[in-house]
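All remarks here apply to the structure that follows.
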Amino acid sequence: MKAEHGSPGSTSFWARHRNSILVIGIILFLPPLAAIVQTTGDVNFCGRWCPRMFFVWREGTTLTAFLVGFVRSYMGVALVVGILATTLYYGRYWCSHLCPAASPVELGSRLVPSPLKLDFSKTPAPSFRYAYLLVYLIVPAIGIGSLCCNYCNFAAVPRLFAAPFSDGDVAYLLRIQGMANVGLLLFLGVFARGGRAYCNLLCPIGALDALSNRIGAKFGRRVRIDPDKCTNCGECSKVCPTWAIDTKDATTINQLSCMPCRLCQGVCQTEAIYYGKQAS
Amino acid sequence: MKRILVFLFATVLCVFAAWFRPGDSAHAMGMISIKGGKARHPVHLPSGKDRYTLVLTGTILPPYQGDARVVVEGDPAPSYSVYGSDPIIDLKLRRRPYFGDHILTGLRPKDRFTIWVVIRPPEEMTGGKYDVAFYDTATEKAVLKIPVLFEGGEGHHHEG
């Protein structure tokens, strides 16, 4: 078994420095610096960096126009392909450590006192998430409307950061749709236990990434539980931001929701939780 | 059973969310050219609101290059503001057109731009047409006009 056992004790760089990496992701991807997106002359994730729109087929779209969307958002395409490929082998590190749409929401949720937080953990997240993804993909194709752009965390979060400096971004937010996006980020993010309900329920990239995580679980590195060491105490379940851990009978991790934030590993007193390949 | 019910509930909720548009904003697209430009489609908005926000994205068709002033035209004259989308801390890693004082500066072929137009129609207006117009500052010729149509009724649906 190749694994990084630990914790409270994990010595993994990614586990120890997760908070710092979340902040670095914010600095690099979001205004006022947004250094990564400026490499292509952009100011935010809309346009070349859009990771959400290029794979959505709209009613009346020709094949050529659909493919042009891939060219227009070439950095978004590269980002999504990179995310899904790395997830296959290493798990959802983009979601847990780097995503600039999620990092500020999770960090913000830590500032909210626990009694004020909403607990969504009773919701079967995959059922909601893949209903959302299904509507996200099918509804534009039949011309009923669109979730893409209208409810976009990759548009709303950068503009929240830019709003103190830019009237254009204030204009984005001072619309009913802009306020709805901010409301969702607060309701399902900042005021949610763990700060990740938005990611877990309403992010199409997160939904695709979770599929990649599930598919690669057989051969890739994942957060796993050693049943011989696990006492089924349930402490890991309490800290899981994506409510991926089930302790009903034996403790199990749902790889369709898990991301390697390793918070569970940090609270496991028996070192039963590890990050690594499946035991042979 | 719970999973199936949640799936069905989420599907209905998401279809409604995708269908419903509040009608106080829209996305317009156009191409600037020396022949007067081309809007991809007119913008349709329900009348009766005191503030509308358009995000306007476009590209520059060769051989046009220059500076373009953005105005909103129509009768009765609306109150409006136009905002650009520029880096806050500009690292100057790539050349890009800039927006200031209602003018897109340094447009070159194949450039892309994004601006935000906030329109506040007069209270008495119940319908009508405005144009978001781009004029080349050197020749004062229109290089793009995007029609904005205000129509009666609430709950209008349009692509975003």
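Respectively, the protein sequence lines represent chains A and B. Per our numbering, the very first residue in the first sequence carries number 7; after that it's consecutive. Per our numbering, the very first residue in the second sequence carries number 31; after that it's consecutive. Cβ atoms here follow ideal geometry from the backbone N, Cα and C, with glycine treated the same way. Bear in mind the structure is a predicted one, so any value in this text is a computation, not a measurement.
>> Does the CB of A/V141 have a neighbour CB from chain B at under 8 Å?
In response: Closer than 8 Å to some Cβ of chain B, the Cβ of A/V141 qualifies, so yes.
> Which chain B residues sit within Cβ distance under 7 Å of A/G53?
Replying inline: Within chain B, the residues near A/G53 are R142.
> Going by the CB atoms, is the gap between A/S127 and B/V36 shorter than 8 Å?
Replying inline: no
> When the Cα atoms are used, what is the spatial distance from A/N156 to A/F51?
Replying inline: 14 Å
> Counting only runs that start and end within the segment 41 to 74 of chain A, where is the alpha helix (DSSP H) found for 4 or more residues in a row?
Replying inline: 41 to 44
> Closest to A/W301 by CA distance: which of A/A21, A/L139, A/L104 is it?
Replying inline: With chain A covering 7 to 286 only, the question about residue 301 of chain A has no answer from this structure.
> Taking Cβ positions, are A/R165 and A/D173 nearer each other than 8 Å?
Replying inline: For A/R165 and A/D173, no; Cβs fall outside 8 Å.
> Between B/L75 and B/G53, which are expected to be in contact by the criterion C-beta below 8 Å, what is the C-beta distance as a whole number of angstroms?
Replying inline: 6 Å
> Quick one, which of A/D48, A/G222, A/P170 has its alpha-carbon nearest B/S115's?
Replying inline: Shortest Cα-Cα distance from B/S115 to any of A/D48, A/G222, A/P170 involves A/D48.
> Along chain A, which residues have their Cβ under 9 Å away from the Cβ of B/P52?
Replying inline: Near B/P52 (Cβ distances below 9 Å), the residues of chain A are R181, I182, Q183, A186.
> Between B/E181 and B/G158, what straight-line distance do the alpha-carbon atoms span, to the nearest angstrom?
Replying inline: 7 Å
>> In chain order, what are the residue ranges of uninterrupted beta strand (DSSP E) at least 3 long that sit wholly in the segment 210 to 255 of chain A?
In response: 228 to 231
>> So if DSSP puts B/D161 in a beta bridge, which residue, or which two residues, is it bridged to?
In response: B/E103, B/P177
> Residues of chain B with a CB under 9 Å from the CB of A/Y281: which are they?
Replying inline: Going along chain B, no residue has its Cβ under 9 Å from A/Y281, so there is no contact; the nearest lies around 28 Å.
> Quick one: which chain A residues come within Cβ less than 7 Å of B/S115?
Replying inline: V49, G174
> What do you get for B/I119, buried or exposed, if any count of 16 or more other CB atoms within 10 angstroms of its CB means buried?
Replying inline: exposed
> Leaving out five residues before and five after B/A69 in sequence, what residues of the same chain have Cβ atoms less than 6 Å from its Cβ?
Replying inline: Spatial neighbours of B/A69 in its own chain (CB-CB distance under 6 Å, excluding positions within 5 residues in sequence) are listed in chain order as G60, I176.
>> Helix, strand or coil for A/A278? Go by DSSP, reduced to three states.
In response: coil
>> Measuring straight from C-alpha to C-alpha, what distance separates A/I221 and A/P119?
In response: 37 Å
>> Tell me which residues of the segment 36 to 48 of chain B have at least one Cβ-Cβ distance to chain A shorter than 7 Å, keeping chain order.
In response: So the list reads V36, F37, A40, T41, C44, V45, A47, A48, given in the order they occur along the chain.
> Relative to the alpha-carbon of B/V173, which residue among B/R51, B/F39, B/I133 has its alpha-carbon at the smallest distance?
Replying inline: B/I133
>> Under 8 Å, Cβ to Cβ, is there at least one residue of chain B near A/Y109?
In response: The residue you asked about is not Tyr; residue 109 of chain A is Ser in the sequence shown. By this cut-off, A/S109 is not an interface position.
> What residues match up with B/P76 in a beta bridge as DSSP calls it?
Replying inline: Beta-bridge analysis with DSSP links B/P76 to B/E181.
>> So the candidates are A/P38, A/A71, A/A91, A/K123; which of them puts its Cα closest to the Cα of A/I211?
In response: A/A91
> Among A/C267, A/D255, A/C158, which one has its Cα closest to the Cα of A/C56?
Replying inline: A/C158
> Between which two residues does the alpha helix (DSSP H) containing A/I144 stretch?
Replying inline: DSSP places A/I144 inside the alpha helix (DSSP H), whose first and last residues are 131 to 148.
> What's the gap between the Cα of B/Y82 and the Cα of B/Y110?
Replying inline: Approximately 9 Å between the Cα atoms of the pair.
> Of the residues B/A56, B/G130, B/T169, which one's Cα is nearest the Cα of B/L84?
Replying inline: Comparing Cα positions, the closest option is B/A56.
> Looking only at DSSP bridge pairs, what is B/K68 linked to?
Replying inline: B/M61.
>> Quick test of the definition: if touching needs 3 or more C-beta pairs under 8 Å, does the segment 270 to 284 of chain A touch the segment 133 to 146 of chain B?
In response: No, the segment 270 to 284 of chain A does not touch the segment 133 to 146 of chain B.
> What residues of chain A sit near B/S109, judged by a beta carbon separation below 8 Å?
Replying inline: The premise fails here: B/S109 is roughly 14 Å from chain A at the closest Cβ pair, so nothing lies under 8 Å.
> Which chain B residues sit within Cβ distance under 9 Å of A/P37?
Replying inline: P117, I118, I119
> Under 8 Å Cβ-Cβ, which residues of chain B neighbour A/I150?
Replying inline: Here the neighbours are V45, A48, W49.
> Which chain A residues are close to B/T135, counting only those with a beta carbon under 7 Å from its beta carbon?
Replying inline: Result: empty, since nearest Cβ-Cβ is about 15 Å, beyond 7 Å.
>> Just to check my reading of the structure: A/A213 and A/Y96 have Cβ atoms closer than 8 Å, yes? What is that Cβ distance to the nearest angstrom?
In response: About 19 Å separates the two Cβ atoms, so there is no contact after all.
> Is there at least one Cβ from chain B nearer than 8 Å to A/F134's Cβ?
Replying inline: yes
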